[in-house]
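Going left to right, the sequence shown walks through residues 105 to 1323 as the working numbering numbers them.
For reference, the structure is listed below as structure tokens.
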Amino acid sequence: MASVVAQCHYIFGLRTGVINNICYFDEQTVIFPCGNNCVRYNIDQRWQRFIPGTEKSQGMQALAISANRRYLAVSERGEKGTITVYDLQHEQSRKRKVLSGGEVPVLEFVSMAFSPDSKYLIGQAGAPDWTLFYWMWEKQKVMASVKTTGSTNPINQVSFNPQDNTQVCVSGNGVFKLFRYAEGALKQSNFLKLESQNFLSHTWMSEERVIAGTETGRLLVFESGDLRWEMSVTTKPATQEADRQLERRKPEEVKSEGAAPSRMPRITAITSYSKGFACSAGPGTVCLFEKTEEKDNYRKTREIRIPADPCSNEPSHAEQQEMVTLCISPSEETLVTSTDRGQLYSITLSSAEMSKGEQAHFEFLSHSFHSNIITGLSICIRKPLIATCSLDHSVRIWNFETNVLELHKEFQEEAFSVALHPSGLFILVGFSDKLRLMNLLIDDVRTFKEFTVRGCRECVFSHGGHMFAAVNGNLIHIYSSTTFDNLLNLKGHNGKVRAIVWSTDDSRLVSCGMDGAVYEWNTLNSKRESESVLKSCSYTGVAISPDAKTIFAVGTDCTLKEIQDCQILREVAADDVAYTTIAMSRSGRVLFAGTSIGTVRAIKYPLSTQKDWIEYQAHSGAVTKMVITFDDQYLLTVSEDCCLLIWKIIDKEGRGLKRDKDITYAEEILITKSDLEEKNQIMMELKTRVEELKMENEYQLRLKDMNYNEKIKDLSEKFVQEIESLKTKNQVLKTEKEKQEMSHLEVTREVVEKHSREQQDFESTSNQKLMLEYEKYQELQLKSQLMQEGYERQLQAMEDSKGRALEELTLFYEAKLQEKMLMLGQCQDESRQQMREFEESKKQMEEDGDREIQDIRIKYERKLRVEKEINLRLKGETGVMRKKFSSLQKDIDDRNVEIEKLRVEQQKLRGVIKSLEKDILGLKKEIQERDETIQDKEKRIYDLKKKNQELEKFKFVLDYKIKELKKQIEPRENDIKEMKEQIQEMEGELDQVHKRNTQLELNITELKLKLKATDKEMHKETQRVRDVEALVRRFKTDLHNCVGFIQEPKRLKDSIRELYDHYVQQSDVVDIVGVDADIQREYSRQREHLERNVASLKRKLAKDTEVHRTENVKIMKENVSLIKEINDLRRELRLVRTQVHDNKSQSGISKKKLSSSDLTALTSVEGRGLVARLNFEEEAERIIQLQRVEIQRLKMQMQGQSHSLIPPSSSTKLPVLTT
């Protein structure tokens, strides 16, 4: 029988922490690390090829691909850091060379790069030495090495000049160095002090230009190793947006990361292409820069962002991912990026450039991967589905036939375990707070049942799907999948249960735990069928054979144990590697085990004492779960490195294992009724919309056809007319042309004749002028000869006079010289006499001097004694002064140090000022560019204005047509008005129906609240009953045990005492439960009392409002009667005034007849009447004012009463009832 082997089939995930962890092999294929493998992934056809890592490596550190895309270099950490070079053109990606540091001890290589001709390779070793190696890699020869930095300044990236094999760039924290290989050594070619900058990435733009990105979001451009200019990667609005995002983020995240550094966009990745370069610009953002025409500057053209994740609990969480690597395809069509959360995104650059008005967004390169440790793995029978859960709060459903992600959902809590129902329609997920049973819908995962199992680390459905087991610490609960009842509780483990597995017929359940126990349970009566306890081992995984007779267990003691009938039959050592999980094929031919270092072993069964296994490089972290599909075709493993690996199980001849029977997978899916109805409704709406659009399009097409036909007719007529006019114009122009040709011929003849005449005249005049000029020349020549003769005569006369003057001067000076000689002789005699006199006076002076010296010596000796005494005093004073001087000197030194510090700060500030001046120059250039764009736009505006004038002409024509159409529309508008009136009436009826519905809904909510309260009480009562029943059962079992001691009185007495001590406390709990029930009863009674009070208050409020309404009606009636009386009084007042006026007129007529006495009597009588009437008017006005005041007072009283009758709000508390 051929032995069984496993072959890597497909992998989901990306390994983080690897430098340059994605690169293009060709236009359709990318290479990225996953687990302990490098994956060649074809984007279009979605196939994968694997390059396995080396054995006993502690993980990959960096990748590098050659310029010709043929070789891949992989750096791995271990006891000795190595770089492995693979040939990608070979089908199996054959290993070519393995490079190391030679005699230099190197733990890891943090960054690598191939030369442009792919013959040389550089590798940057890590701490503490930070040595850069320069290899001719095909000969495994170290050409040169150099220490690039100190132990405190780590290196982030190394690279070759794209056109020079000998030039290398190294960047890191406070490090930016260029090295050149010459004479067998790497020599530094630039010397810059950039200690304040942390360079995270860099890229070559040309043979001399390098652009580097810093931790503070600055882009620095170097040419020939010198800093030319720098710029910020973000604008002010972008930084403000980042601040807003920071404010929105959780305070825990802000505290952990630190507020100040996180606001600065870190340029973690940068790559160049023909148009410019792309670089990361903070969380979730990539900026594209293109060259400008002026001085090789760069301008930001696009900003590409990672979109929010709709499946996530916090959609904005995806936007906060940090870019790790950027890579552009060979044809520069696609940009691919990897993030610090293990995700791969891509975007086509052409689409990013086209969508200039909209925000450009990345898309997933393949699928969304897990970003944290995968804790759960499960499969089903009826569908080719895999379920995984992770500490990243997500649950994902994968398809191992199509290799796609079917479903993905994130939750608020961490998911510890997952189990798929055999039908593939339900999923069980263990969260930190509860165990949830969920439906797998067409596009969602929805909870429909929750179980109170906290922190469930293991959960498994039975093979029949009718039961499931869930672990709660050291307890195992078995529930029914149909009734959701807790059927059994399996107790026995003293430590946490780490793994459980069902037998094929679901009659047995095997569990293992950290207490070193492996138990086999009967799932019908919860009894232990067998057990094996080994306290020195903490078990982590268990498997059962297909016939359920043999158990396989693995744990921390680095052995695989075969257990049968409570005894360990065999122990197979694992070579000092701990097994973490184990699985057995359905055929029973092979065991698969996962290890703590991430490898997978295929162990032949039956087991042998020798090491008979095949080991595969799989993951970079411990394997957490392992499952074999029900048809024995695939092995599935998950690990702490966030990767899901699918293995194809085959025999050594490369054929798949034989199946007992072909499995046909189900295609049905779950969908809720509401979702289906909603989708059907949307479909109906869309269909109606499509039909409407069809009708509209047809109608518009007809209209357009009619319009275009009319336009074509008009244009054809215009063109015919224009053609005829142009023909006539053409004939006119031809005749004019002929006439002009005739006239031009005549003019040319005249001009030629004129020219010939003028030429002859010009020749004759020029000959005459030449003759005159020749005569003038001869005259001038004669004059010049005469002038020369005169000048020669003058020269001879001047020479004669000069000779005479010289002779006279020599004679004069000789006479003077003789006189001076005589005077000199006399002076010498006088000097001799003076010398004699001087010597005599000198002798006298010396004698006088000696005397004076003696006197002075005596004086100064006295003074010297005095001075010595003074000197002694001054020495003491100088000692004091020296001390003062030393203290002052220290002060001066301190001041000098401060001055130097201030100078350094001044230099820094000057550097800042220079950088700001550069920014200002850049901004000025931008202003100039914008001015140019403004001018272009003004030109466009002028063109648009011209077009607008033309359109206004069209508008005038269209307005006329619109007027005609409006005349046709008026009768239809009348019909529309009638229809609108009908709609308004129907809306009124609908409002009444809505009011009734709202009232009914309020009643329903009140009833629901009462029902919830009663449900809670009922649940508590049922729980209490269950507790009492459990207590009774326990008491019965303990009593039964006591009965066994009936022959031994002492033991019987002790056991009964223990029973009493044990169950009296439990009875106290029962009493407390009773007290709780009394409190609940009191609470419900008080609530009913309060509800009755509220109802009575509502009735009182209704009565009071009715009473006040009647009073208001009475007051209104009284007011109406008063207003009537006031109106009557006004009428009477008008009548009185008219009567007074009539009386006055009558009295004026009868003045002449009456006598003066009669007149006075009459006026006195009339005056009294008038006074009485005037008093009556004043009184009426006073009454009216009083009535107004009374009305105002009544209104105020009504308002006060209405305010006092407002019902109390929900927030105000009712007074406490005293019973």
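Glycine residues also receive a C-beta, built at the ideal position from the N, C-alpha and C atoms.
To the nearest whole angstrom, what separates the beta carbons of ASN257 and GLY276, a pair I think is in contact under 8 angstroms? Position 153 of the sequence shown, counting from 1, holds the residue named residue 257. Position 172 of the sequence shown, counting from 1, holds the residue named residue 276. About 6 angstroms separates the two Cβ atoms, so the contact holds.
C-beta atoms of PHE213 and ALA229 nearer than 7 angstroms: Position 109 of the sequence shown holds residue 213. Position 125 of the sequence shown holds residue 229. ALA229 is positioned such that its CB atom lies closer than 7 angstroms to that of PHE213.
In the DSSP assignment, find the unbroken beta strand (DSSP E) run with ARG198 in it and report its ends. On the sequence shown, residue 198 is found 94 positions in, with the first residue counted as 1. Premise fails: ARG198 is in no beta strand (DSSP E) and is neither H nor E.
For PRO710, is the classification buried or exposed, using 16 other Cβ atoms within 10 angstroms of its Cβ as the cut-off for buried? Here residue 710 refers to the residue found at position 606 when the sequence shown is read from its first residue. Burial is judged here by how many other beta carbons sit within 10 angstroms of a residue's own beta carbon; PRO710 has fewer than 16 and is exposed.
Which residues does DSSP list as the beta-bridge partners of ASN277? By one-based count along the sequence shown, residue 277 stands at place 173. ASN277 pairs with ASN302.
Under the assumption that ALA519 contacts SER494 (Cβ atoms under 8 angstroms), give the Cβ distance between them as a whole number of angstroms. Against the sequence shown, residue 519 aligns to sequence position 415. Against the sequence shown, residue 494 aligns to sequence position 390. Under the criterion of beta carbons closer than 8 angstroms, ALA519 and SER494 qualify as touching, at roughly 7 angstroms.
Per the contact definition of three or more C-beta pairs closer than 8 angstroms, is the region 367-379 in contact with the region 428-442? Flag = yes, the region 428-442 and the region 367-379 touch.
Cβ neighbour criterion (16 or more within 10 Å) applied to TRP239: Translated into positions along the sequence shown, residue 239 becomes position 135. Sixteen is the threshold: when 16 or more other Cβ atoms of the shown chains lie within 10 Å of the Cβ of TRP239, as they do, the residue is buried.
State the Cα-Cα distance for the pair LEU748 and HIS497, rounded to the nearest angstrom. Position 644 of the sequence shown, counting from 1, holds the residue named residue 748. Position 393 of the sequence shown, counting from 1, holds the residue named residue 497. When rounded, the distance between both Cα atoms is 16 angstroms.
Excluding the 5 residues preceding and the 5 following CYS563 in the sequence, name in chain order all residues of the same chain whose CB lies nearer than 6 angstroms to its CB. The sequence position of residue 563 within the sequence shown is 459, counting from 1. Counting only Cβ-Cβ distances below 6 angstroms, and skipping sequence neighbours, we find SER521, ALA523, LEU532, GLY534 and ALA574.
Assuming VAL109 contacts LYS756 under a Cβ cut-off of 8 angstroms, what Cβ separation, rounded to an integer in Å, is found between them? Within the sequence shown, numbered from 1, the residue matching residue 109 stands at position 5. Within the sequence shown, numbered from 1, the residue matching residue 756 stands at position 652. Distance from VAL109 to LYS756 at the Cβ level is roughly 6 angstroms; contact confirmed, criterion being Cβ atoms closer than 8 angstroms.
Residue environment, TRP308, which counts as buried when at least 16 other CB atoms sit within 10 Å: Within the sequence shown, numbered from 1, the residue matching residue 308 stands at position 204. Of the other Cβ atoms in all chains shown, 16 or more fall within 10 Å of the Cβ of TRP308; this residue is therefore buried.
On the DSSP letters alone, give me the boundaries of the beta strand (DSSP E) that ARG403 sits inside. The residue labelled residue 403 in the question sits at position 299 within the sequence shown. Here the beta strand (DSSP E) through ARG403 covers 402-409.
Per DSSP, which residues does ASP1232 bridge with? Please list them. Along the sequence shown, read from residue 1 onward, the residue named residue 1232 stands at position 1128. For ASP1232, which the question treats as bridged, DSSP gives no partner whatsoever.
Using DSSP's beta-bridge definition, name the partner residues of GLN671. Looking up residue 671 in the sequence shown gives position 567. For GLN671, which the question treats as bridged, DSSP gives the partners GLN668.
Is it the case that the Cβ atoms of VAL681 and ALA657 are separated by a distance below 7 angstroms? The residue given as residue 681 occupies position 577 in the sequence shown. The residue given as residue 657 occupies position 553 in the sequence shown. Not in contact: VAL681 and ALA657 (Cβ atoms no closer than 7 angstroms).
With a CB to CB cut of under 6 angstroms and the five nearest residues on each side skipped, what residues in its chain are close to GLY182? Numbered from its first residue, the sequence shown carries residue 182 at position 78. Cβ within range, chain order: SER161 and GLN162.
Check whether the region 136-144 and the region 736-748 are in contact - that is, three or more C-beta pairs closer than 8 angstroms. Yes, the region 136-144 touches the region 736-748.
Tell me whether THR561 sits in a helix, a strand or coil according to DSSP, three-state version. What you label residue 561 is simply residue 457 of the sequence shown in a count that begins at 1. Going by the sequence as given, residue 561 is Arg instead of Thr. DSSP, reduced to helix, strand and coil, places ARG561 outside both helices and strands of the structure shown, so it counts as coil.
Contact set for VAL210: own chain, Cβ-Cβ below 6 angstroms, skip 5 residues either direction: Sequence index remark: in the sequence shown, residue 210 carries index 106 (1-based). So the qualifying residues of the chain are GLY185 and ALA229.
Which value, in whole angstroms, describes the spacing of the CA atoms of ASP1262 and ARG1238? Numbered from 1 along the sequence shown, position 1158 holds the residue referred to as residue 1262. Numbered from 1 along the sequence shown, position 1134 holds the residue referred to as residue 1238. Here ASP1262 scores only 49 on pLDDT, less than 50, and its place in the model should not be relied on; the value that follows carries that caveat. C-alpha separation (whole angstroms): 29 angstroms.
Please report the distance separating the alpha-carbon of ARG144 from that of GLY1026. Stepping through the sequence shown from its first residue, residue 144 is reached at position 40. Stepping through the sequence shown from its first residue, residue 1026 is reached at position 922. Cα to Cα, ARG144 sits roughly 44 angstroms from GLY1026.
Does the beta-carbon of ARG370 have 16 or more other beta-carbons within 10 angstroms, so that it is buried, or is it exposed? For the purposes of this step, residue 370 is identified with residue 266 of the sequence shown, where counting begins at 1. By the Cβ neighbour-count rule, ARG370 is buried, with 16 or more other Cβ atoms within 10 Å of its own.
Pick out whichever of VAL646, GLN1151, LEU1006 and LYS1299 has its Cα sitting closest to the Cα of GLU1215. Here the question's residue 1215 lines up with position 1111 in the sequence shown. A check of alpha carbon separations from GLU1215 across VAL646, GLN1151, LEU1006 and LYS1299 identifies LYS1299 as the nearest.
Any contact of the region 727-743 with the region 684-694, i.e. 3+ C-beta pairs under 8 angstroms? Short answer: they touch.
What's the gap between the Cα of LYS538 and the Cα of THR586? The residue labelled residue 538 in the question sits at position 434 within the sequence shown. The residue labelled residue 586 in the question sits at position 482 within the sequence shown. Using only the alpha carbons, I get a separation of about 19 angstroms.
Span separating the alpha-carbon of LYS1059 from that of SER820: Position 955 of the sequence shown, counted from the first residue, corresponds to residue 1059. Position 716 of the sequence shown, counted from the first residue, corresponds to residue 820. One C-alpha to the other measures close to 22 angstroms.
Out of SER470, TRP625 and LEU579, point me to the one whose CA is closest to GLY559's CA. Within the sequence shown, numbered from 1, the residue matching residue 559 stands at position 455. Comparing Cα-Cα distances from GLY559 to each of SER470, TRP625 and LEU579, the minimum goes to LEU579.
From GLY907, GLY227, GLU981 and SER870, pick the residue whose C-alpha is nearest to that of SER249; which is it? Residue numbering aside, residue 249 sits at position 145 when the sequence shown is read from its first letter. The shortest Cα separation from SER249 among GLY907, GLY227, GLU981 and SER870 belongs to GLY227.
Taking DSSP as the reference, what is the three-state secondary structure of ALA456? Stepping through the sequence shown from its first residue, residue 456 is reached at position 352. Three-state DSSP puts ALA456 in a helix.
Close-in-space but distant-in-sequence residues of the same chain around SER1315 (CB under 6 angstroms, 5 per side omitted): Locating residue 1315 in the sequence shown gives position 1211, where the first residue counts as 1. Below a pLDDT of 50, predicted positions are generally treated as unreliable, and SER1315, at 40, falls in that range; the measurement from the model is reported next regardless. Around SER1315, the same chain offers no residue with a beta carbon nearer than 6 angstroms, after the five sequence neighbours per side are excluded.
Between the CA atoms of ARG153 and GLU195 - distance to the nearest angstrom: Start at 1 with the first residue of the sequence shown, and residue 195 comes out as number 91. Start at 1 with the first residue of the sequence shown, and residue 153 comes out as number 49. For GLU195 and ARG153, the distance between alpha carbons rounds to 9 angstroms.
Alpha-carbon spacing of LYS600 relative to TRP751, whole angstroms: As a working note, residue 600 is residue 496 in the sequence shown. As a working note, residue 751 is residue 647 in the sequence shown. Those two C-alpha atoms are separated by around 30 angstroms.
Give every residue of the same chain whose Cβ lies closer than 6 angstroms to the Cβ of MET335, excluding the five residues on either side of it in the sequence, and list them in chain order. Position 231 of the sequence shown, counting from 1, holds the residue named residue 335. Around MET335: LEU323.
Where PHE552 and LEU544 are concerned, what is the direct C-alpha to C-alpha distance, given to the nearest angstrom? Translated into positions along the sequence shown, residue 552 becomes position 448. Translated into positions along the sequence shown, residue 544 becomes position 440. Straight across, the Cα-Cα distance linking PHE552 with LEU544 is about 11 angstroms.
Determine which residues share a DSSP beta bridge with LEU874 and list them. As a first step, residue 874 is located in the sequence shown; it is residue number 770 there, counting from the start. Bridge pairing for LEU874: absent [DSSP].
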